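Contents: one structure, followed by commentary.
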Amino acid sequence: MDSNGLDSDGREFRNAEEMWREEVGEEGSKSQWYGTAIRYWEKVDATVDGVLGGYGHVNDADVAASDAFLTSILAERFPAQRDAPTAARPSRHLVALDCGSGIGRVTKNLLLRHFNEVDLLEPVPHFLEAARVNLAPENLTVPEMHRAANFYCVPLQDFTPDARRYDVIWVQWCIGHLADDDFISFFKRAKIGLKPGGFFVLKENIARTGFVLDKEDKSVTRSDQYFKDLFNQCGLYIYTMKDQKGFPDELFAVKMYALTTEMPRRPTAKSKSKRLSNRPAIIK
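Using my numbering, the letters of the sequence shown map in sequence onto residues 161 to 444.
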């Protein structure tokens, strides 16, 4: 595990285990941890600027990068969506889950462009109520067959999806509220919700090294290596990943990970030799 870190008061920790012992180690401390986070967000306005911490102006750059990332992966994994559907290969009815959906910002601006149905998962009631309004049919500009289907007011650590419902489970700017054991438990449970060929997208702030604990909203910004260690414990594999561009310098770096439950295919010896044989020869 990527080792040392610090909190928002500047206190240093030798490792993540030390930090988690202090934050959630005692009986009842974990419920206090999650309760503090909910109370923090209950005081935040149900607006784009509110859910983005006063940085509502990054919305367009965020959505554009996410759209490019998602579009390329959908084309690779579900090619029938790109090609003209036939009777033998009909167009796939795509369904997504938006985790930590807030007011439906990602669902409205991104997911409903690509998916026939999107379910929203959000533990803060007034955010979810705003999402119901924002995603009402009269407030959307997507085709009629694309809709917000279900609204779940449930925290990530308590949610189990219906089996094989989702093509994509999108997790953005919310997983930092989960303790490591609940992070692992969530993804292990959520795997059953994926259809064959389905995948996760995790989009999150990235610490340069170790981790940074925000004591006010009870969230942890993890480093890239910290995330990769957790993915390994979840039994997830990185299909592809990409850095977010175009955000203000004062913000954390942001990375997008596409995660699958199957190990990525490795080049076979035959394909490798074929690739080598196509290289230009040296003229002697």
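Note that CB positions come from ideal geometry on N, CA and C, so glycine has one too. Here the structure is a predicted model, which is why all the values come from computation and not from measurement.
Handout entry: Residue interval of the beta strand (DSSP E) (run including M401)
Key = Y397 to D403
Practice task
Take every Cβ of the segment 206-215, pair it with every Cβ of the segment 276-292, and state whether three or more of those distances are shorter than 8 Å.
Solution key: yes
Practice task
Please state whether DSSP places R382 in a helix, a strand or coil.
Solution key: strand
Practice task
Check whether the Cβ atoms of L270 and L300 sit closer than 8 Å, and answer yes or no.
Solution key: no
Handout entry: Whether A350 touches I366 by CB criterion (8 Å)
Key = no
Problem - Cβ-based burial, K378 [other Cβ within 10 Å; buried from 16] - result: buried
Problem - Helix, strand or coil at V204 according to DSSP, with G and I counted as helix - result: coil
Handout entry: Cα-Cα separation, I198 to P303
Key = 34 Å
Exercise for the section: Note down the Cα distance separating L110 from Q404, rounded to an integer number of angstroms. Expected result: With the chain covering 161 to 444 only, the question about residue 110 has no answer from this structure.
Problem - For R307: DSSP bridge partner residues - result: E277
Practice task
Let me know if T320 comes out buried or exposed under the rule of 16 or more other beta-carbons within 10 Å of its beta-carbon.
Solution key: exposed
Practice task
Name the residue from P408, T400 and D374 whose alpha carbon lies nearest to the alpha carbon of T196.
Solution key: D374
Exercise for the section: Pick helix, strand or coil for E410, following the three-state DSSP scheme. Expected result: coil
Handout entry: Distance between A291 and N392 (C-alpha atoms, nearest Å)
Key = 33 Å
Problem - Close-in-space but distant-in-sequence residues of the same chain around N276 (CB under 8 Å, 5 per side omitted) - result: H253, L254, V255, M305, H306 and R307
Problem - Host beta strand (DSSP E) of I329 (start-end) - result: Y326 to Q332
Problem - Nearest neighbour of G358, chosen from Q332, Q385, A323 and N219 [CA to CA] - result: A323
Handout entry: Residue interval of the alpha helix (DSSP H) (run including V223)
Key = N219 to R237
Handout entry: Continuous beta strand (DSSP E) stretch holding K375: start and end
Key = Premise fails: K375 is in no beta strand (DSSP E) and is neither H nor E.
Exercise for the section: For F229, I'd like the list of residues in its chain whose CB is within less than 7 Å of its CB, leaving aside the five on either flank, ordered along the chain. Expected result: K402 and M416
Problem - For T420: DSSP bridge partner residues - result: Y397
Problem - Distance between Q192 and D227 (C-alpha atoms, nearest Å) - result: 36 Å
Exercise for the section: Taking 8 Å as the cut-off, decide whether the C-beta atoms of L280 and Y326 are in contact. Expected result: no
Handout entry: Residue range of the unbroken beta strand (DSSP E) whose run includes A290
Key = Taken as a continuous stretch (DSSP letters only), A290 belongs to no beta strand (DSSP E), being part of the alpha helix (DSSP H) at P285 to N294.
Problem - Opening and closing residue of the beta strand (DSSP E) in which A176 lies - result: Taken as a continuous stretch (DSSP letters only), A176 belongs to no beta strand (DSSP E), being part of the alpha helix (DSSP H) at A176 to V184.
Practice task
Helix, strand or coil for N365, going by three-state DSSP, please let me know.
Solution key: strand
Practice task
Quick one: using the 10 Å Cβ neighbour count with 16 as the cut-off for buried, is K363 buried or exposed?
Solution key: buried
Exercise for the section: Could you check if R435 is buried or exposed, using at least 16 other CB atoms within 10 Å of its CB as the buried criterion? Expected result: For R435, the pLDDT reaches just 46, beneath the cut-off of 50, and the residue's location in the model is therefore unreliable, although a value from the coordinates is still provided. Exposed, since its Cβ has fewer than 16 Cβ neighbours within 10 Å.
Handout entry: Backbone CA spacing between G353 and A418 [nearest angstrom]
Key = 16 Å
Exercise for the section: Flag this pair as yes or no: are the beta carbons of L390 and T421 separated by less than 8 Å? Expected result: no
Handout entry: Distance between R382 and K388 (C-alpha atoms, nearest Å)
Key = 10 Å
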